[in-house]
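The structure appears below as structure tokens.
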Amino acid sequence: MNRAQLNIPNRFKTADEQIWQDQIKHNHRLRQAVRDRTPTSQDGTDILNCEFRRAAIASLTNTQPELYAAITLATGGAQLAMLTQYHWRRYEDDHQIALIEPNTPERRCPVGSARLDWPAWIKALCAGLITRNSEAIGMLCTPKSVEICALAPNTIDAFWPFLCSTLAATVVEPAAASAVITDTLTGLDQATIAERSLVDLKLRPLISLIEALLSKRSDTFNAALHKALSAHRQYHEQSEPYDWQNLLALEITALAALAVDRGLELTVESDYMPPALVTDSFPRTPSQVIDYFPQRGILSANEAHWFMDLQGFPRESRSHTLLDSDGQLIAQYKAHGAPTIPHAVLPFALLDSATATCPLALDAGQLVSLAETFASKVPANSSPTQQAQAKALLNEAINCVDAAIARIPPGQDAVAPESITSQQGIQLYQSEPGRFRRDRLVAYRSGLTTFLQSLDSNSTRANQSSPAIAKSTSSNQTATAISETSAQADAIAAIEIIRVQMMPLLEAIAKDSTGRVIEQLIPAEADYAKVFVSTAIEPARAGYDKLWKNPRPFKRPELNQTEISCYLAPAGMLQSENELSAAFPCGYRAIAPYLNPHRIWASWKYCASGQSAGLSFNGLVWLDDRWAWFPKPYRILKM
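Counting with the working numbering, you get residues 2 to 640 for the letters of the sequence shown.
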């Protein structure tokens, strides 16, 4: 197909010029009203909409400076809307989000609903792609950013989050896009709220265009681009002549820009798709968005850095100045590069104790989570360089546990539940309150310390297929040996280490679209004697051989089920009700006598953020050098 054949007809007849001039004036008044009013949480979305209308009309009237400025300012509005809504969804209404547009004073907006829904998210991403704004693209293309744009199920079709996820994956993780496309197409088939013409003429061609982009073939993409633009024209043929949304094929233009950036040669031309926007040949000065955090208290300088670690700011991106505020020392940090927060200002007050009136930056739940994160990053390699990294991470984890212990009130034996106020901390506390007792935290610290000491004595560690496990007495002890001790504190210390080190495996299981990860967990012939007592070996082998030869299709977590809760217990503790067995199905009580009491079993679930219910699994067992999966043993061992 040659260039002439691929050319798209010009726009169909639109309203006369006077109507468009009136629309331009009306849009200018709306934009000025946003500037003049008291800042609100909806400013970002209002700016986004106003600038898109301005860009569309400018594409018709061929006023290129207006077009370029509008699409650039729309990107800034999109970033503002995303940040205000992000903190609103996280109940962090004490932030202020500043928008700095070119030649315009800084405007600080409060946190609240930005009215940024999934269709608006798509427009926002398109603005980022056209302007090649990596900060905007980065903050929009995260699972959390898609999730926070949700509306009530009865007000919008279920395909929208899949469509948004398809676009995000196409931009930042193309290899993962195909799997989501299938879910999107299924959702489009089942749509009941969106007009059928929208689905067939706007959304399906968009999916076809994405598939063509993923093919990396210019001819395939150009053919799909031709069809998408033709469908866009057909959809808008019945529109009113003054409908500005007909003038610019925003989503198509954005994907064409992405195709050019990935080296495809475009032969399609259309006035729905201004060439300068596609080829990145237009001048622009981007807006800047800054997240102003409220002042928080810290008990050490480490806590400021840990707080910024939780936000996702790279350590090399941080700088600070020291200020004096009425005798209070304030460390004011500037940071950039977090996934959803490109730029931030974070003030911290250095306090003498946790009982000070200033809210602490971190609660005990966040500190325990940080300790787990640091411990989970301990490298499996035993080279000198890797050992130095491991020691640094373990020291960070130990310091986090110490800080969590410091949050326990004097004379008390556990962290006060009301002191845990962060969403992350509350979720961790509710999943297992016993972990916040002083003895449990001390046991966890002891396990980390012993592990650190074993590195200092050049002890060997498990290879990468096995999680890093704390050694409780000597350098060559494994998780099995740890669980053999009669001291519950030692078992708890081992379990706390194993929990965080197995998280990468649980994440891999959730993403295992090929079945390769699960295949590696199928028990070997010799594994049954390690897991079950002698009388249960053959029944277990027979049952699991049958199960693994004809396995049921694995149900993967939903896209929003990104939070993982993991529970572990030695089999010997599954016979009775206790703090470790409580998270396991009751069926384990009956079959626990048939299990090797020294093996550590795992139960886990995938939940949406802020939810306690989710997709649950159990039956992973640690076997000295690998994990093996024995799902629901209480259904297999009917003895």
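By construction, the Cβ of each residue, glycine as well, lies at the ideal position given by its N, Cα and C atoms.
Whether residue i touches residue j by CB criterion (8 Å)
i: residue 249; j: residue 56; result: yes
i: residue 187; j: residue 115; result: no
i: residue 139; j: residue 102; result: no
i: residue 376; j: residue 398; result: yes
i: residue 416; j: residue 372; result: no
i: residue 560; j: residue 144; result: yes
i: residue 62; j: residue 122; result: no
i: residue 592; j: residue 540; result: no
i: residue 111; j: residue 42; result: yes
i: residue 207; j: residue 294; result: no
i: residue 222; j: residue 124; result: no
i: residue 584; j: residue 604; result: yes
i: residue 312; j: residue 339; result: yes
i: residue 566; j: residue 432; result: yes
i: residue 299; j: residue 349; result: yes
i: residue 598; j: residue 619; result: no
i: residue 129; j: residue 178; result: no
i: residue 192; j: residue 160; result: yes
i: residue 1; j: residue 518; result: Not covered by the structure: residue 1. The range shown for the chain is 2 to 640.
Inter-residue Cα distance where the pair is residue i and residue j
i: residue 37; j: residue 108; result: 11 Å
i: residue 270; j: residue 337; result: 38 Å
i: residue 602; j: residue 366; result: 24 Å
i: residue 570; j: residue 595; result: 15 Å
i: residue 581; j: residue 614; result: 19 Å
i: residue 71; j: residue 288; result: 11 Å
i: residue 210; j: residue 230; result: 10 Å
i: residue 317; j: residue 171; result: 29 Å
i: residue 408; j: residue 420; result: 8 Å
i: residue 242; j: residue 18; result: 11 Å
i: residue 557; j: residue 427; result: 25 Å
i: residue 189; j: residue 156; result: 15 Å
i: residue 477; j: residue 392; result: Confidence at residue 477 is low in this model, with a pLDDT of 36, below 50, so the placement of that residue should be treated as unreliable; the coordinate-derived value is given next. Those two C-alpha atoms are separated by around 18 Å.
i: residue 245; j: residue 258; result: 21 Å
i: residue 142; j: residue 574; result: 43 Å
i: residue 1; j: residue 395; result: One cannot answer for residue 1 here, as it falls past the ends of the chain, which runs 2 to 640.
i: residue 236; j: residue 343; result: 37 Å
i: residue 424; j: residue 310; result: 16 Å
i: residue 265; j: residue 278; result: 15 Å
i: residue 607; j: residue 623; result: 20 Å
i: residue 85; j: residue 284; result: 28 Å
i: residue 118; j: residue 58; result: 24 Å
i: residue 34; j: residue 135; result: 29 Å
i: residue 132; j: residue 546; result: 56 Å
i: residue 578; j: residue 83; result: 45 Å
i: residue 203; j: residue 333; result: 48 Å
i: residue 502; j: residue 195; result: 45 Å
i: residue 176; j: residue 212; result: 11 Å
i: residue 253; j: residue 430; result: 46 Å
i: residue 30; j: residue 104; result: 19 Å
i: residue 158; j: residue 536; result: 54 Å
i: residue 542; j: residue 529; result: 7 Å
i: residue 215; j: residue 226; result: 13 Å
Unbroken beta strand (DSSP E) run spanning residue i, endpoints
i: residue 409; result: Here residue 409 belongs to no beta strand (DSSP E), and DSSP marks it neither H nor E.
i: residue 243; result: Premise fails: residue 243 is in no beta strand (DSSP E) and is neither H nor E.
i: residue 548; result: Residue 548 -> not in any beta strand (DSSP E); alpha helix (DSSP H) instead, spanning 535-550.
i: residue 329; result: 329-337
i: residue 147; result: Here residue 147 belongs to no beta strand (DSSP E); instead the alpha helix (DSSP H) covers 144-148.
i: residue 629; result: 628-630
Residue i - containing alpha helix (DSSP H), residue span
i: residue 517; result: 517-520
i: residue 346; result: Careful: residue 346 lies outside any alpha helix (DSSP H), inside the beta strand (DSSP E) at 344-351.
i: residue 444; result: 439-457
i: residue 366; result: 365-377
i: residue 634; result: 634-637
i: residue 223; result: 219-237
i: residue 1; result: As shown, the chain starts at 2 and ends at 640. That puts residue 1 outside it, with no answer to give.
Minimum Cβ-Cβ distance from residue i to chain D less than 8 Å
i: residue 103; result: Among the protein chains of the structure shown there is no chain D, as only one such chain exists.
Near the ligand GDP: residue i beta-carbon under 7 Å from a heavy atom
i: residue 442; result: The ligand GDP is not among the ligands present in this structure, which contains no ligands whatsoever.
Continuous beta strand (DSSP E) assignments of at least 3 residues falling wholly in the segment 79-139: Complete beta strand (DSSP E) runs here, min 3: 97-101 and 108-111.
Beta strand (DSSP E) runs wholly inside the segment 571-622, at least 3 long, in chain order: The segment 571-622 contains these whole beta strand (DSSP E) runs: 601-608.
Contained alpha helix (DSSP H) runs [length at least 4] in the segment 30-79, N- to C-terminal order: Segments of the alpha helix (DSSP H) lying fully in the segment 30-79: 44-62.
The segment 92-99 in contact with the segment 146-164 per 3-pair CB rule at 8 Å: The segment 92-99 is not in contact with the segment 146-164.
Ranges of the alpha helix (DSSP H) found wholly within the segment 160-214, counting only runs of at least 4: Taking only runs of at least 4 residues, the alpha helix (DSSP H) segments lying wholly in the segment 160-214 are 160-173 and 178-190.
The segment 440-450 in contact with the segment 618-630 per 3-pair CB rule at 8 Å: Of all C-beta pairs linking the segment 440-450 to the segment 618-630, fewer than three are shorter than 8 Å, placing the two stretches out of contact.
In chain order, each alpha helix (DSSP H) run of at least 4 residues that lies wholly inside the segment 266-323: Unbroken alpha helix (DSSP H) stretches of 4 residues or longer found wholly inside the segment 266-323: 276-280 and 302-312, given in chain order.
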